[in-house]
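Taking it in order: structure first as structure tokens, then the write-up.
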Amino acid sequence: MRLERKRRRARSLRKRRELTPAALNVSKIREDDVILFSTVRNEKIRLPFFFEYYRKLGVNHFCFVDNGSDDGTLEYLISQPDVSVWHTTRSYKRAGFGMDWLNGLLGAYAVGHWCLVVDVDEFFVYPHCDTRPIQALTHWLDQSSTRSFGTQLVDTYPKGKISEAHYRPGDNPMTVSDHFDTGNYYYERNRKYGNLWIQGGARQRGFFAGRPAFAPALNKIPLVKWKRGNVFVSSTHNLLPRSLNLVYAHNGGQRASGCLVHTKFLEMFSTKTKEELARKQHYAASREYNSYSKHRGGKNDLWNGQSVKYKDWRQLESLGLMSSGDWA
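Structure follows, in structure tokens:
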């Protein structure tokens, strides 16, 4: 594990050289700031609400890697005063699907900070997030000597055809793609890294019913108190050192956890699927996007009689998808 961590750190340092600063505001980062990191490509339509949501949550600074956007995403990011952005047209796939770039930036700018690493279609939901800023959570985690916080990805989808889930800049995607599966989730422990491996839900049901083992992983550890030497291994599914992956209780009790509400399924999903298939930059020869394409490019309806409309974190906790643990 030590050798793997050193190798990944060295790789992130090399890959960081592929990034060209487009707007550097990192000098504005204060000692106790929570920093969000993300890789983005052609997502300008999503960014207004993304910033609104995470600024309201208490995120103080945003660090983006723009991977060759041509829809105005880069220019929009540069215009934001609390954003630092780096640009590259190099291969997303050869950069560990973007994680080498982010590991490099985390190592340079995040040491000593709580960091949130998410995609622009993911919205971090934690206990009491409607009344307590993210700093309340990170302070409690610090007091508990906890350095990472786990989540389950919850895929949302519209009631009706995905291609008819109309979305405009500034809209809340959780009110457009507003239903989810409450069950059909499978949990097992990853022996190598010690993290939970979770699959199931709407994407397995809708796109991988015949091959459930190939469904996307739903376990993520997006919130980490960054130390020098930390590295993400596979997206935010797991990290090194290995202890950061132990975000669940071992004794049958409950440990505080959250969810990432994943709003992939909006009207632009079909266009995005075609674009990513043409780029061939995703994991396992773009297996996930191939499956989407075979199901009419995501134009089908994921909603069924068991679908539930998304409300808030309390609903997710009552369904057992997250927990307040002992954070009163």
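Position one of the sequence shown corresponds to residue 22 (this note's numbering), numbered consecutively onward.
A virtual CB, placed ideally from N, CA and C, is assigned to each residue, including glycine.
Unbroken alpha helix (DSSP H) runs of no fewer than 4 residues, entirely contained in the segment 223-273, are not found. In this structure, 69 is the residue among 51, 69, 50 with its C-alpha nearest to the C-alpha of residue 189. Straight across, the Cα-Cα distance linking residue 253 with residue 261 is about 6 Å. CA-CA distance, residue 48 to residue 270, rounds to 38 Å.
In the pairwise beta carbon analysis, the segment 148-158 is classified as touching the segment 341-349: at least three pairs are separated by under 8 Å. Residue 84 has 58, 105 as its beta-bridge partners, per DSSP.
In the assembly as shown, residue 191 is an exposed residue. Its beta-carbon has fewer than 16 other beta-carbons within 10 Å. Taking all protein chains in view, the Cβ of residue 236 is crowded by 16 or more other Cβ atoms within 10 Å, so the residue is classified as buried. Here residue 176 really is in contact with residue 222; their C-beta atoms are around 5 Å apart, less than 8 Å.
Check the Cα spacing between residue 50 and each of 123, 40, 83, 243: the tightest is with 83. Contact between the segment 85-101 and the segment 202-214 is absent: fewer than 3 CB-CB pairs across the two stretches fall below 8 Å. Looking at the backbone, the Cα of residue 152 and that of residue 77 are separated by about 11 Å. For residue 174, the beta-bridge partners assigned by DSSP are 281. Checking the DSSP bridge columns, you'll see residue 203 has no partner listed. Burial state of residue 108 is buried, judged by a 10 Å Cβ sphere holding 16 or more other Cβ atoms. Only residues of its own chain outside the window of five on either side were considered, and among them 147, 158, 162, 242, 243, 244, 245, 268, 277, 278, 279 have a CB closer than 8 Å to the CB of residue 170, listed in chain order. No residue range can be given for residue 179, since it is assigned to no beta strand (DSSP E) and is classified by DSSP as neither H nor E.
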